[in-house]
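Student: Once you've had a glance at the structure underneath, I'll fire off some questions.
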Amino acid sequence: MDFLAGCIGGAAGVLVGHPFDTVKVRLQVQNVDKPLYRGTYHCFQSIVRQESMFGLYKGIGSPMMGLTFINAIVFGVQGNAMRYLGQDTPMNQFLAGAAAGAIQCVICCPMELAKTRMQMQGTGEKKSKRKLYKNSLDCLVRIYKREGLLGVNRGMVTTLIRETPGFGVYFLSYDVLTRSIGCEPNDPFMIPKLLFAGGMSGIVSWLSTYPVDVIKSRLQADGVGGVYQYSSIADCVRQSVRREGLRVFTRGLTSTLLRAFPVNAATFATVTLVLMYARGSEEPKDCEPAPPEAAHHTQLQKQSQATSL
Numbered sequence: 004m005d006f007l008a009g010c011i012g013g014a015a016g017v018l019v020g021h022p023f024d025t026v027k028v029r030l031q032v033q034n035v036d037k038p039l040y041r042g043t044y045h046c047f048q049s050i051v052r053q054e055s056m057f058g059l060y061k062g063i064g065s066p067m068m069g070l071t072f073i074n075a076i077v078f079g080v081q082g083n084a085m086r087y088l089g090q091d092t093p094m095n096q097f098l099a100g101a102a103a104g105a106i107q108c109v110i111c112c113p114m115e116l117a118k119t120r121m122q123m124q125g126t127g128e129k130k131s132k133r134k135l136y137k138n139s140l141d142c143l144v145r146i147y148k149r150e151g152l153l154g155v156n157r158g159m160v161t162t163l164i165r166e167t168p169g170f171g172v173y174f175l176s177y178d179v180l181t182r183s184i185g186c187e188p189n190d191p192f193m194i195p196k197l198l199f200a201g202g203m204s205g206i207v208s209w210l211s212t213y214p215v216d217v218i219k220s221r222l223q224a225d226g227v228g229g230v231y232q233y234s235s236i237a238d239c240v241r242q243s244v245r246r247e248g249l250r251v252f253t254r255g256l257t258s259t260l261l262r263a264f265p266v267n268a269a270t271f272a273t274v275t276l277v278l279m280y281a282r283g284s285e286e287p288k289d290c291e292p293a294p295p296e297a298a299h300h301t302q303l304q305k306q307s308q309a310t311s312l
């Protein structure tokens, strides 16, 4: 039931946060010499005006498709890692989260590749004149036929560099926050506290790895139309910094941080409601801050993984 709740909560998070993600990707990969967007708000406004509201949801099929598999991997790896490590400590939360983040890249990288390509398709067009990809699955199939497994896993190294510490920082900050603010089953403010802790943890984890995400997005968007601009990660970093300076590593950061909190809030609220309904309980018995109740606290950590990044 925790797995099902996490999947539903994760889906709610995707629906809430995907428009912000589309804006982030557009800002990260736009041509600096001929920029289409002046900033986050202008990008939102332009996409809606030129491509309708549906333009903000381009590529949503890919994260929706990969959601179940990613949650299954993350839940299993994090839970087993915590059992193997034995103690529920902040450092162990970091290590377990990092392990889960690294392993789920097998699904995450191709999923984000398709999402990025779909988000870039038909930029500035209300109705695309020529669609290169019909949907996310068609996108991956076409990339595989043209470039093989290496093409489908384009950006895997940068995804690993982002996800491994990113998940670790998320679980570490979430654990520290929930212990600091207190989280008791009888506390009438328990759910707001969980929402706050999850949202802030998401923001902290994004800040810790955002420069890597910019490079990952550029590498995965590279090659659309058969034209490749970057030969490697180092080449992408070198060209980006030479042309745009260090500010390149903050492109799209505003929309990412705006997205992080509501995504985590939507996921936590959905997970809590699903669990309360399924268990027929008036109070969700999910959070206990101190060691004799460490098992319950670990259970909440598992549920919160659907909110990650």
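Residue numbers for the sequence shown follow our numbering, beginning at 4 and rising by one.
Glycine is no exception: its CB is placed at the ideal position from the N, C-alpha and C atoms.
1) Are the stretch 79-99 and the stretch 58-66 touching by the rule of at least three beta carbon pairs closer than 8 Å?
2) Write down the C-beta distance between S220 and G169 rounded to the nearest angstrom, noting that I regard them as a contact closer than 8 Å.
3) Would you call the stretch 231-249 and the stretch 260-267 touching, i.e. three or more CB-CB distances under 8 Å?
4) List the whole-angstrom C-beta distance separating Y3 from Q33, where the pair is believed to meet the contact cut-off of C-beta under 8 Å.
5) Looking at the unbroken alpha helix (DSSP H) that takes in V251, where does it start and where does it end?
6) CB A117 to CB I146, shorter than 9 Å?
7) Out of curiosity, what's the CA-to-CA distance linking D24 and T259?
8) Helix, strand or coil for Y60? Go by DSSP, reduced to three states.
9) Return helix, strand or coil for E54, following the three-state DSSP convention.
10) Measuring straight from C-alpha to C-alpha, what distance separates D289 and S139?
11) Tell me whether the beta-carbon of R149 lies closer than 9 Å to the beta-carbon of Q223.
12) For L153, count neighbouring Cβ atoms within 10 angstroms of its own Cβ and tell me buried if that reaches 16, exposed if not.
13) For a test of the three-state rule: what should DSSP assign to K219, helix, strand or coil?
14) For P191, count neighbouring C-beta atoms within 10 Å of its own C-beta (all shown protein chains included) and say buried if the count is 16 or more, exposed if not.
15) For R246, does the count of other Cβ atoms within 10 angstroms reach 16, so buried, or fall short, so exposed?
Tutor: In short, the structure shows the following:
1) Between the stretch 79-99 and the stretch 58-66, the count of Cβ pairs shorter than 8 Å is below three; the stretches do not touch.
2) The count along the sequence shown starts at 1 and reaches residue 220 at position 217. The count along the sequence shown starts at 1 and reaches residue 169 at position 166. A Cβ-Cβ separation of about 14 Å leaves S220 out of contact with G169 under the 8 Å criterion.
3) These segments do not touch.
4) Nothing can be reported for residue 3: it is not among the residues displayed for the chain, which extend from 4 to 312.
5) As a first step, residue 251 must be located in the sequence shown, where it is residue number 248. Per DSSP, V251 belongs to no alpha helix (DSSP H) and is neither H nor E.
6) Sequence index remark: in the sequence shown, residue 117 carries index 114 (1-based). Sequence index remark: in the sequence shown, residue 146 carries index 143 (1-based). Going by C-beta atoms, A117 is nearer than 9 Å to I146.
7) In the sequence shown, the residue the question calls residue 24 occupies position 21. In the sequence shown, the residue the question calls residue 259 occupies position 256. Near 7 Å, if we compare the C-alpha coordinates of T259 and D24.
8) To locate residue 60, count along the sequence shown from 1; it is residue 57. Helix, per DSSP.
9) Within the sequence shown, the letter at position 51 stands for residue 54. E54: helix per DSSP, three-state reduction.
10) Indexing the sequence shown from 1 puts residue 289 at position 286. Indexing the sequence shown from 1 puts residue 139 at position 136. Note that D289 scores 44 on pLDDT, short of 50, meaning its location in the model is unreliable and no value can be drawn from it.
11) As a position in the sequence shown, residue 149 is number 146, starting the count at 1. As a position in the sequence shown, residue 223 is number 220, starting the count at 1. No, they are not a contact pair.
12) Here residue 153 refers to the residue found at position 150 of the sequence shown. Exposed, because fewer than 16 other Cβ atoms sit within 10 Å of the Cβ of L153.
13) As a position in the sequence shown, residue 219 is number 216, starting the count at 1. Helix at K219.
14) The residue labelled residue 191 in the question sits at position 188 within the sequence shown. Per the 10 Å Cβ criterion, exposed.
15) Position 243 of the sequence shown, counted from the start, is the residue given in the question as residue 246. Label assigned to R246: exposed.
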